[in-house]
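*Asks:* For the protein sequence lines, the chains are A and B, in the order given. Here numbering that gives the first Met the number 0 is used: position 132 in the first sequence is 131, and no number is missing along the way. Here numbering that gives the first Met the number 0 is used: position 43 in the second sequence is 42, and no number is missing along the way. Here a beta-carbon is modelled for each residue, glycine too, at the ideal position from N, C-alpha and C.
Number of protein chains: 2
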Amino acid sequence: MRCPACGTQVTPFKNPVPTVDIIIETEGGIVLIERKNPPFGWALPGGFVDYGESFEDAARREAAEETGLSVTLTLQFHTYSAPDRDARQHTASTVYVATASGHPVAADDAQRAEVFHEGNLPPLVFDHERILRDYFAFKQNGHRPFL
Amino acid sequence: MRCPACGTQVTPFKNPVPTVDIIIETEGGIVLIERKNPPFGWALPGGFVDYGESFEDAARREAAEETGLSVTLTLQFHTYSAPDRDARQHTASTVYVATASGHPVAADDAQRAEVFHEGNLPPLVFDHERILRDYFAFKQNGHRPFL
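1) Span of the alpha helix (DSSP H) holding residue 136/A?
2) Buried or exposed: where does residue 58/B fall if 16 or more other Cβ atoms within 10 Å of its Cβ makes it buried?
3) Does the beta-carbon distance from residue 103/A to residue 113/A come in below 9 Å?
4) Do residue 27/B and residue 92/B come within 9 Å of each other at the CB atom, strictly closer than that value?
5) Given a cut-off of 9 Å, decide if residue 62/A and residue 126/A are closer than it, judged by their beta-carbon atoms.
6) Going by other Cβ atoms of all chains shown within 10 Å of its Cβ, with 16 needed for buried, is residue 119/A buried or exposed?
7) What does the Cβ neighbour count give for residue 12/B, buried or exposed, with the cut at 16 atoms within 10 Å?
8) Which residues, taken in chain order from the region 8 to 19 of chain A, show a beta carbon closer than 7 Å to some beta carbon of chain B?
9) Counting contacts by CB-CB distance shorter than 9 Å, is residue 143/A in contact with chain B?
10) Kindly indicate if chain A contains any beta-carbon less than 9 Å away from that of residue 127/B.
11) The beta strand (DSSP E) that contains residue 10/B, what's its start and end?
12) How is residue 118/A classed by DSSP in three states: helix, strand or coil?
13) Alpha carbon to alpha carbon, how far is residue 90/A from residue 15/B? Give it in angstroms, no decimals.
14) Strictly under 9 Å for the Cβ-Cβ distance: is residue 85/A near chain B by that measure?
Spelled out as C-alpha cells, the structure:
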C-alpha cells in the first residue's frame, strides 16, 4: 500500500487473512453461491472477518448477506490454512456448519444461491471441494478432520 | 502505522490477527511457558502465524521456538476468536494438540517452560484457562467444543 500523502510504498506486517465459510444445511441439501467476482464459480457462502468481530458473528453476517438466510450455527467444523488455498492471497478459513429454513436469495457478492446435495455438486472454487469432502465424510462417520 | 518517508498516518485494512497455540502432551502432563513479555504470566506456547505459513507449520515452529520440543501434531482442537481474548489487539487462536517427549527448555519469548497437570495449573493469561477447561473436558468426554 502507499502513503496517502506522499505516495511512498508502505509495507504493513503481513498476516494470513482470516475468513469464514458456512455450510448451511437446509431442506434438500446445502446452500452454495455462484460468485459475482473472480474467481468465478460456485463456492460456499463466506467472506472476510472484520476486526473486532468474532468468527461466529462473521459467519452469521456473511450467510445473511450472501443468501438472505438467518442461520443458526451448530458447529465449528475446521480451519483450513494452506497458503495456496486462494491464489489471490493467503487466507485461512474457519468453516462453520449451520441450519436455516426458507429459500436462499442471492445478494451482495453472490449472483446465485441454490441448494445442492452430495450427488449433484457443481465444480467449486478455492479448496471448497475438499471442505465438502471432509463435511460429507463427517456426516457419515461423525469425525471432524483431525488435522 | 506511519509512512516511513513523511510520517503521515496510514491505516491498513485491519483484520483479526491469526495465532496458534499448542497443547503439548508429554510425560506427566502438558507444557506451559512463562512469558518474557507482557502480559506476564503462564500461557500455552504459541504465537503469530507468518504470511505463507500453514497453521500446522506455525504450531510446530512456535512449539520448537518456545519449548525446544519437536512436537507431533495430533489434532486441530478449536479456534478461539472473541475480540476481547487479548487486550492488546484482536487475535484469533487456532489451538492444536500435540505430543512430544523430552524435557521442555524455555527459549525465545518464554522465560520458563514447565510441565503441569490438571490438578496444579498456574493462573493463565489471555483465554488460556478457558481453552484448557475445554481441553480437559474433551479428554474426559471425547468432544471438542461445538462452537
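*Replies:* Based on what the coordinates show:
1) One-based indexing of the first sequence puts residue 136/A at position 137. Its alpha helix (DSSP H) spans residues 127 to 140.
2) Working through the second sequence from its first residue, we reach residue 58/B at position 59. So residue 58/B counts as buried.
3) Taking the first sequence and counting its residues from 1, one reaches residue 103/A at position 104. Taking the first sequence and counting its residues from 1, one reaches residue 113/A at position 114. Closer than 9 Å, so yes.
4) In the second sequence, residue 92/B corresponds to position 93, counting from 1. In the second sequence, residue 27/B corresponds to position 28, counting from 1. Going by C-beta atoms, residue 92/B is not nearer than 9 Å to residue 27/B.
5) As a position in the first sequence, residue 126/A is number 127, starting the count at 1. As a position in the first sequence, residue 62/A is number 63, starting the count at 1. In terms of Cβ geometry, residue 126/A and residue 62/A do not form a close pair [threshold 9 Å].
6) Working through the first sequence from its first residue, we reach residue 119/A at position 120. Residue 119/A is classed as exposed because its beta carbon has fewer than 16 other beta carbons within 10 Å across all chains shown.
7) Taking the first residue of the second sequence as position 1, residue 12/B is located at position 13. Residue 12/B comes out exposed.
8) Per Cβ criterion, the list reads 9, 11, 13, 14, 15, 16 and 17.
9) On the first sequence, position 144 is the one that residue 143/A refers to. A Cβ of chain B is located within less than 9 Å of the beta carbon of residue 143/A.
10) Taking the first residue of the second sequence as 1, we reach residue 127/B at position 128. Chain A, which has no Cβ nearer than 9 Å to the Cβ of residue 127/B, makes this no.
11) In the second sequence, the residue the question calls residue 10/B occupies position 11. For residue 10/B, there is no enclosing beta strand (DSSP E), as DSSP marks it with neither H nor E.
12) Here residue 118/A corresponds to residue number 119 of the first sequence, with the count starting at 1. Per DSSP, reduced to three states, the secondary structure at residue 118/A is helical.
13) In the second sequence, residue 15/B corresponds to position 16, counting from 1. In the first sequence, residue 90/A corresponds to position 91, counting from 1. As the crow flies, the alpha-carbon of residue 15/B is around 12 Å from that of residue 90/A.
14) The sequence position of residue 85/A within the first sequence is 86, counting from 1. Closer than 9 Å: no.
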